[in-house]
Amino acid sequence: MMIGTYSFGEWLKQRRKQLKLTQCEVATAVYCSTAMIKKIEADERQPSVDLFNPWPIFSNAPTASRVVLWKL
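For the sequence shown, the working numbering gives the first residue as 79, with consecutive numbering after it.
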(Lines of atoms letter the chains of each structure in order from A; the text may use other names.)
(Lines give C-alpha, C1' and ligand atoms only; values in the text may rest on other atoms or scores of the structure.)
Protein backbone atom coordinates (compact mmCIF):
# COMPACT_ATOMS: atom_id res chain seq x y z
CA MET A 79 0.00 0.00 0.00
CA MET A 80 1.38 3.40 -0.98
CA ILE A 81 0.91 6.46 1.22
CA GLY A 82 1.78 9.55 -0.80
CA THR A 83 5.10 8.66 -2.41
CA TYR A 84 6.04 6.19 0.32
CA SER A 85 5.11 2.58 0.81
CA PHE A 86 3.52 1.72 4.14
CA GLY A 87 6.79 0.06 5.16
CA GLU A 88 8.82 3.18 4.42
CA TRP A 89 6.30 5.35 6.25
CA LEU A 90 6.31 3.03 9.26
CA LYS A 91 10.11 3.06 9.46
CA GLN A 92 10.28 6.86 9.22
CA ARG A 93 7.54 7.32 11.82
CA ARG A 94 9.15 4.80 14.18
CA LYS A 95 12.49 6.61 13.92
CA GLN A 96 10.86 10.02 14.45
CA LEU A 97 9.40 8.69 17.67
CA LYS A 98 12.71 7.05 18.64
CA LEU A 99 11.11 3.63 18.96
CA THR A 100 12.80 0.32 18.26
CA GLN A 101 11.28 -2.35 16.06
CA CYS A 102 10.89 -4.42 19.22
CA GLU A 103 8.90 -1.64 20.94
CA VAL A 104 6.58 -1.28 17.94
CA ALA A 105 6.12 -5.06 17.74
CA THR A 106 5.25 -5.22 21.43
CA ALA A 107 2.71 -2.39 21.01
CA VAL A 108 0.82 -4.26 18.27
CA TYR A 109 1.33 -7.78 19.61
CA CYS A 110 3.42 -9.17 16.76
CA SER A 111 7.01 -10.28 16.31
CA THR A 112 9.98 -8.02 15.71
CA ALA A 113 10.66 -10.08 12.58
CA MET A 114 7.21 -9.11 11.25
CA ILE A 115 7.91 -5.38 11.77
CA LYS A 116 11.29 -5.79 10.05
CA LYS A 117 9.64 -7.48 7.05
CA ILE A 118 6.90 -4.84 6.84
CA GLU A 119 9.47 -2.02 6.92
CA ALA A 120 11.45 -3.79 4.16
CA ASP A 121 8.23 -4.17 2.10
CA GLU A 122 8.63 -7.95 2.20
CA ARG A 123 5.23 -8.36 3.90
CA GLN A 124 2.03 -6.37 3.78
CA PRO A 125 0.25 -5.89 7.10
CA SER A 126 -3.24 -7.25 7.50
CA VAL A 127 -6.09 -4.89 8.29
CA ASP A 128 -6.65 -6.82 11.52
CA LEU A 129 -3.11 -6.09 12.68
CA PHE A 130 -3.04 -2.40 11.82
CA ASN A 131 -6.63 -1.23 12.17
CA PRO A 132 -6.48 0.68 14.42
CA TRP A 133 -2.72 1.11 14.56
CA PRO A 134 -1.37 2.75 17.70
CA ILE A 135 1.26 5.35 16.88
CA PHE A 136 2.64 6.70 20.11
CA SER A 137 3.24 10.42 20.47
CA ASN A 138 6.43 11.76 22.01
CA ALA A 139 4.63 11.90 25.34
CA PRO A 140 6.43 10.27 28.26
CA THR A 141 3.61 7.82 28.91
CA ALA A 142 1.86 5.32 26.69
CA SER A 143 -1.47 6.81 27.75
CA ARG A 144 -1.22 9.30 24.88
CA VAL A 145 -2.04 7.34 21.76
CA VAL A 146 -3.08 8.59 18.36
CA LEU A 147 -5.13 6.05 16.41
CA TRP A 148 -4.28 5.85 12.76
CA LYS A 149 -6.57 3.93 10.42
CA LEU A 150 -5.71 2.56 7.01
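Heads up, the beta-carbon is just placed ideally off N, CA and C, and yes, glycines get one too.
(message) In whole angstroms, give me the CA-to-CA distance for W89 and K117.
(response) 13 Å
(request) List the endpoints of the continuous alpha helix (DSSP H) containing Q38. (result) For the chain, the structure presents residues 79 to 150; residue 38 sits outside this window and is missing.
(message) Let me confirm a value: L147 is counted as buried when at least 16 other C-beta atoms fall within 10 Å, else exposed. Which label applies?
(response) Here the model assigns L147 a pLDDT of 32, short of 50, so the residue's position is not dependable and the matter cannot be decided.
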